[in-house]
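Below: one structure, written as structure tokens.
Residue numbers (my numbering), protein chains in the order written: chain L, 177 to 625; chain A, 339 to 959.
Right, dumping it as structure tokens:
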């Protein structure tokens, strides 16, 4: 743990500036060895200094260096951040110099790991920070930030308090059976309380789905027979030539992926190979993959050709997507209408030549996922599998409790489910306070000899 | 004179400690200020209660005396929480304050290897951090190999009523003035604790017509696994219930500044679970009334105890308070309520064996360790007695785990979390209470007791018999299949129960929540005792819950298995939070599991500790 680690903290090759972060007890002295400007070992904490990174008197880059002394830093160790010019070559060169002078290349997430192990941040915060680092959109970033600021923690904490109230009441009934001070918790009044907790958990879970949406985005697959214009739609949506668009059917053999955002939410577009029975081996691989994608995508956009009658293949595709979230884009409205399909809410008409109907398509996607309603300010979502799993477990416990209640299991046993939920939510926010129950008991109830 | 084991103090902890050390073959001396006060009950006239009743059964299972003496010394028995689930039921008896101490003294006097002597201990002889003996107030020196201190509330105790503070212990006994100072100079942290007791009144001055009756149970129970009931249900004595009223509350509020507690005359920290009536009125202003229970202290004198009315008001205010109560308008107070403050050591300075970390072969048990309650004291005394004897025989200490007994919970809490107020056992402290039931105490503990040699062969045999019968009943239930006859059909119809399939085993049937042994009675061709049916039925009906608890225990035991080396230097572990470092250094937990239970040591500290152990010692995980 004592070694000093370094890594490029900004993504490579993007932006005008790159930041290299160095953390550990030798951070300052190592950077000082390759910095010309002032003596970094003598400067005050949390100050920025102008100068040059040099290798044997040769100037590598003009930089700004931030010096932050332990313990008030992200890792609680000494940290130096070098703001240099963003080219890959320069940034890498500086990192190399640092490694030559005694730093070790940080493992992915190691800064966060140190912050967690040094007690600087909680487990949940550690998770959020890694989300923050990986954030691709502004929404993702603010969601990660809201985790860091402990909003999720507060929400879960409130829920735990609610559960603890019920547990404490049950415990008082047990420990002081002859005292009338506490209301006796019975199956009847427990039911309402548990249903209330259940509702909160369901809300957390529902929000977590939105959380996942913001974090991972929506996977949208474009499907349809060859040459109906899937790639053109993709391009029109992206405004760039990502897919190869030709008039020969079967051109798109592999799956083309592209990302766009709608109201800040990432949309992962996948253009699949045209689906049709084929003997061409290469194309067949593409077709198989397309079917897999239909299975795994969140949303399917089936593209049909306005200029052709509905084929058997089209009908089969319509059948396949019936149960899935889907939209139908009837393309090529600039050509003669030969396709007759009963209008419904899933259908959007347009053409890529005149860029018709594409805005409407985006609008439909927004409506489908209520993207317009996602506000940055209420981003108190759980965002990773571990957290969501704990909430699911908690919800399962509450369901089991209500089920067992019907079997006439005594309240003091049903309490085990409440404790389990309390513990699971505690795990979620990295807190355990056993003594709190006892404190609550004596604070809220009047008892004893 | 020289003894192998000396026990200082003849309260509930001291009695069990002395008896057990002697039973294990050690030449033992019990030294007490006054033989008459052996096993005295200076506060409530009952033994057992929620959680505490299970402790008494656990003591009995391990060979202790409390259960057996209570069985022969009470005049009312009750199973608390009998309408709730099996995990929270617990016995309580109204023990006779005359008979109980007498029976205990008789029992101790008939214990081989045990001598009882009167005396006041003022100093300890310690050489090279090892206990060597004691010095009495009269300067008599007595040598020993191991010493168990069970001094109760007698260390520098003050009795308080209003502004009046009297140096001394309960019953006008003296106090030990120097012992706690001597402990302090040896390096012990001394804390000041406080407790209290309500007034006692004359029976014939109570108007019982204004009180409601609280009767004993109509079913026979014993604490001990080896006893048959020694009382008659119809001869049990009643207790009574009365309430405080607005007038009582007004008197208290008007005189608050005269109470020792509110007047600022007390420095000790009192228990939250045992608040004085002043506390209750002040903290719960909106309550219109508080319950009070009138309980007889003994069949041999006519003093009654007012449970729920503990106070440190001056005597004249107590008079007015008592007389404001319905039924007690003319009550004659025979003993005024008082608060008592006393010195105790910080239990964080103890090992889980109850040996102190500072002085070798010195053990402490009971109120000196910061606990409250007869049962909690007795349990510690028993464990200290066992471990003192084992220490002298160079054997590993006997340490009960949290999933094995309330005694394990009690001691683990004390030595891991410490306590700032007198500690009382509560069911809510036991996370695995579903397994720590009153009905299975012998199944949990008699195997250990047999290995330790703390029970007689006869007691072990009683346990084996029960195990055998449980096995037989289980086999019977498994192998007996229900033949659906017309008679059976009507039986189910009468109760509106769904008729099971033909040839369903009785065990399967019992899994249904509505089916009880009572319902199946006519089908049980072999008779089984109630207690056997109870334990088997719990295992069948709550199987899912028991398994859930066992899973939790597995998780806990895994952490318990991760031992922390005794020579660990916490200073060497970088990045531990400073509070965690201080606590870990002080408590020196024996396992990661114990470390995780220390308050102020958070999960991040535990992961750092675990990583360090893995790196340094390479064998953990």
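Glycine is no exception: its CB is placed at the ideal position from the N, C-alpha and C atoms. All values reported here derive from a predicted model rather than from experimental measurement.
Those residues which DSSP pairs with residue i across a bridge
i, result
"residue 397 of chain L", "L:446, L:476"
"residue 764 of chain A", "Answer is none; residue 764 of chain A lacks a bridge partner."
"residue 461 of chain A", "A:473"
"residue 296 of chain A", "What the structure shows of chain A is the stretch from 339 to 959, and residue 296 of chain A is not part of that stretch, so it cannot be assessed."
"residue 415 of chain A", "A:431"
"residue 436 of chain L", "L:443"
"residue 901 of chain A", "A:929"
"residue 240 of chain L", "L:226, L:259"
"residue 634 of chain A", "A:642"
"residue 577 of chain A", "A:552"
Residue i vs residue j beta-carbon contact at 9 Å
i, j, result
"residue 249 of chain L", "residue 201 of chain L", "no"
"residue 341 of chain A", "residue 453 of chain A", "yes"
"residue 757 of chain A", "residue 925 of chain A", "no"
"residue 632 of chain A", "residue 692 of chain A", "no"
"residue 545 of chain L", "residue 410 of chain L", "no"
"residue 487 of chain A", "residue 706 of chain A", "yes"
"residue 394 of chain A", "residue 429 of chain A", "yes"
"residue 946 of chain A", "residue 897 of chain A", "no"
"residue 491 of chain A", "residue 459 of chain A", "no"
"residue 561 of chain A", "residue 719 of chain A", "no"
"residue 932 of chain A", "residue 750 of chain A", "yes"
"residue 365 of chain L", "residue 359 of chain L", "yes"
"residue 412 of chain L", "residue 528 of chain L", "yes"
"residue 404 of chain A", "residue 558 of chain A", "no"
"residue 988 of chain A", "residue 793 of chain A", "Residue 988 of chain A falls outside the range modelled here, since chain A spans only 339 to 959, and no answer is possible."
"residue 370 of chain A", "residue 457 of chain A", "yes"
"residue 498 of chain A", "residue 677 of chain A", "yes"
"residue 536 of chain A", "residue 644 of chain A", "yes"
"residue 517 of chain L", "residue 399 of chain L", "no"
"residue 849 of chain A", "residue 876 of chain A", "no"
"residue 652 of chain A", "residue 596 of chain A", "yes"
Integer-rounded CB distance, given that residue j should sit under 8 Å from residue i
i, j, result
"residue 521 of chain L", "residue 482 of chain L", "About 19 Å separates the two Cβ atoms, so there is no contact after all."
"residue 717 of chain A", "residue 359 of chain A", "With 8 Å as the limit, residue 717 of chain A and residue 359 of chain A do not qualify as a contact, their Cβ atoms being about 15 Å apart."
"residue 398 of chain A", "residue 406 of chain A", "7 Å"
"residue 180 of chain L", "residue 279 of chain L", "5 Å"
"residue 762 of chain A", "residue 714 of chain A", "7 Å"
"residue 350 of chain A", "residue 704 of chain A", "7 Å"
"residue 251 of chain L", "residue 291 of chain L", "5 Å"
"residue 790 of chain A", "residue 688 of chain A", "Not quite, the Cβ-Cβ distance comes to about 20 Å (not below 8 Å), so this is no contact."
"residue 396 of chain A", "residue 781 of chain A", "In fact, because the Cβ distance is near 11 Å, the residues do not count as touching under 8 Å."
Under 8 Å by beta carbon: chain B residues contacting residue i
i, result
"residue 356 of chain L", "Although the question refers to chain B, the structure presented lacks it and instead comprises the protein chains L and A."
Looking at chain L, which residues of the segment 402 to 426 of chain A have a Cβ within less than 7 Å of any of its Cβ atoms? 418, 419, 422, 423, 425, 426
Just by C-beta distance, which residues in the segment 756 to 773 of chain A are closer than 8 Å to chain L? 764, 765, 766, 767, 769, 772
Whether or not the segment 819 to 833 of chain A and the segment 801 to 808 of chain A are in contact is what I'm after, with contact meaning three or more pairs of Cβ atoms, one per stretch, closer than 8 Å; do they touch? no
Pairing CB atoms from the segment 595 to 608 of chain A with CB atoms from the segment 546 to 566 of chain A, are three or more of them under 8 Å? no
With three or more C-beta pairs closer than 8 Å as the rule, is the segment 459 to 473 of chain A touching the segment 679 to 698 of chain A? yes
Does the segment 585 to 595 of chain A come close enough to the segment 420 to 429 of chain A that 3 or more CB-CB pairs lie under 8 Å? no
Within 7 Å of chain L by C-beta, residues of the segment 896 to 917 of chain A in sequence order: 912, 913, 915
When Cβ atoms are compared, which residues of the segment 877 to 891 of chain A fall closer than 9 Å to chain L? 879, 880, 882, 883, 886, 887, 890
Given 8 Å as the limit, is there contact between the segment 620 to 631 of chain A and the segment 490 to 509 of chain A, that is, 3 or more CB pairs closer than that? no
Short-range partners of chain A found in the segment 325 to 349 of chain L, where Cβ spacing is below 7 Å: 347
Evaluate the contact criterion for the segment 390 to 402 of chain L versus the segment 441 to 450 of chain L: three or more CB pairs, one atom per stretch, below 8 Å. yes
Interface residues of the segment 581 to 593 of chain L facing chain A [CB-CB below 8 Å]: 583, 584, 585, 586, 587, 588, 589, 592
Validate contact between the segment 882 to 896 of chain A and the segment 760 to 770 of chain A using beta carbons, cut 8 Å, 3 pairs: yes
Closer than 9 Å between beta carbons: that is the criterion. Which residues of the segment 792 to 809 of chain A meet it against chain L? none
Hey, is the segment 607 to 615 of chain A in contact with the segment 531 to 540 of chain A, meaning 3+ C-beta pairs nearer than 8 Å? yes
Positions along the segment 818 to 851 of chain A whose CB lies within less than 7 Å of some CB in chain L: 851
Against chain L: residues of the segment 385 to 401 of chain A by CB proximity under 8 Å: 388, 389
If the cut-off is 9 Å on Cβ atoms, which residues from the segment 563 to 586 of chain A count as contacting chain L, listed in chain order? 579
Residues from the segment 611 to 633 of chain A in contact with chain L, defined by Cβ distance under 8 Å: 611, 612, 613, 618, 621, 622, 625, 628, 629, 631
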